[in-house]
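At position 107 of the sequence shown (counting the first as 1) the number is 101 in the numbering used here, and the numbers step up by one without a gap. What follows is a set of notes on a single structure, which appears directly below.
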Amino acid sequence: MFICYFALWVVLNGKWTTEIGVFGLVFAAVAYAFTWKYMGYSPKVDLALLRRAPSAIGYGVTLVTEIIKANLAVCRMILNGDFEPKPQLVKFDVPLKKNRHLVALANSITLTPGTITVELEDNHYTVHALDETMVDGLDDGIFVQKLTKMEKLHMQQEAANQEAAVQDKPGEEENHEH
């Protein structure tokens, strides 16, 4: 977060001088201290986000790839004079638990041309597809696989963090005995 604050300072200034760099470091330090104290942010959160960054970037690359593929498929449908769309309304469930992953899947489906998420309730989706060929893989496709993997990784990290927090509090049992 410190680096983000510093980068924001430099970008908003629009140029680089030693003075801007020094003031930027001070600004970033003050903003980071404020964030740490009043918003519950800490270096542990930074580390957790850094650990998750590769999988999030990988998901973003997958999303862009799937959007390009779907764009090409929709273009082929449009340019094919004999194409007669067979719209489908599909309902399915996914094994995801976290709201952020459920919403990411809904948004990914909607961003992909030819499909739109009509409803999301708990982990139950209703999706409209332009054609029946676009229905395949909605409930267990690449988006669901990647998000499930990300969710498992996040849960493992949370469990490790909770374990570390318990180990950081030595002597609590001794205090209860007195």
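We put the CB at the ideal spot given by N, CA and C, even for glycine. From a predicted model like this one, the values you see are computed outputs, not experimental measurements.
What do you reckon, are the CB atoms on Thr120 and Ala64 nearer than 8 Å?
At a Cβ-Cβ threshold of 8 Å, Thr120 and Ala64 do not count as neighbours.
Of the residues Glu126, His148, Asp87 and Leu132, the one placed nearest Thr104, counting alpha carbons only:
When Glu126, His148, Asp87 and Leu132 are compared, the shortest CA-CA separation from Thr104 is found for Leu132.
Closest to Glu152 by CA distance: which of Arg46, Val88, Gly108 and Glu60 is it?
It is Arg46 whose Cα lies nearest to the Cα of Glu152.
Minimum length 3: unbroken beta strand (DSSP E) runs contained in the segment 101 to 164
As summarised for the segment 101 to 164, the continuous beta strand (DSSP E) elements at least 3 residues long and confined to that stretch are 109 to 115 and 118 to 123, given in chain order.
Under 8 Å, do Ala27 and Phe0 count as touching if we go by C-beta distance?
Taking 8 Å as the Cβ cut-off, Ala27 and Phe0 do not qualify as a contacting pair.
Going along the chain, which residues of its own chain have a beta-carbon closer than 8 Å to the beta-carbon of Val68, five neighbours each way excluded?
Closer than 8 Å at Cβ, skipping near neighbours: Pro107, Gly108 and Leu124.
Within 10 angstroms of its Cβ, does Leu83 collect 16 or more other Cβ (buried), or is it exposed?
Taking all protein chains in view, the Cβ of Leu83 is surrounded by fewer than 16 other Cβ atoms within 10 Å, so the residue is classified as exposed.
Of the residues Leu141, Ala154 and Ser36, which one's Cα is nearest the Cα of Ala50?
Of the candidates Leu141, Ala154 and Ser36, the one whose C-alpha sits nearest the C-alpha of Ala50 is Leu141.
What's the gap between the Cα of Lys91 and the Cα of Glu60?
Their Cα atoms are separated by approximately 23 Å.
Look at His122 and Asp87 and say whether their C-beta atoms are less than 8 Å apart.
The answer is no: Cβ separation not under 8 Å.
Near Ala100, which residues of its chain fall below 8 Å by C-beta distance, leaving aside the five closest residues on each side in sequence?
Only Thr111, Leu114 and Tyr119 meet the Cβ criterion.
Enumerate, from N- to C-terminal direction, the unbroken beta strand (DSSP E) stretches of 3 or more residues contained entirely within the segment 7 to 58.
Counting whole runs of 3 or more residues, the segment 7 to 58 contains no beta strand (DSSP E) stretch at all.
Count the other C-beta atoms from every protein chain shown that fall within 10 angstroms of the C-beta of Leu41, then say buried if there are 16 or more, exposed otherwise.
In the assembly as shown, Leu41 is an exposed residue. Its beta-carbon has fewer than 16 other beta-carbons within 10 Å.
Within its chain, find whatever has a CB closer than 7 Å to the CB of Trp10; leave out the 5 residues flanking it on each side and keep chain order.
Within its own chain, the residues whose Cβ lies closer than 7 Å to the Cβ of Trp10, once the five positions on either side in sequence are excluded, are Val4, listed in chain order.
From the DSSP output, in three-state form, read off His172 for me.
Per-residue confidence for His172 stands at a pLDDT of 46, beneath the threshold of 50, marking its modelled position as unreliable; no derived number is given.
Val84 lies in the beta strand (DSSP E); which residues open and close that run?
Per DSSP, the unbroken beta strand (DSSP E) holding Val84 starts and ends at Gln82 to Asp87.
Rounded to the nearest angstrom, what separates Lys143 and Leu66 at their Cα positions?
Going by the C-alpha atoms only, they are around 28 Å apart.
By Cβ distance below 6 Å, which residues in the same chain neighbour Tyr53 in space, the five residues on each side in sequence not counted?
Excluding residues within five positions, the ones whose Cβ falls inside 6 Å are Lys140.
Residue nearest to Asp130 in terms of C-alpha spacing, selected from His95, Gly34 and Lys85:
Nearest C-alpha to Asp130: Lys85.
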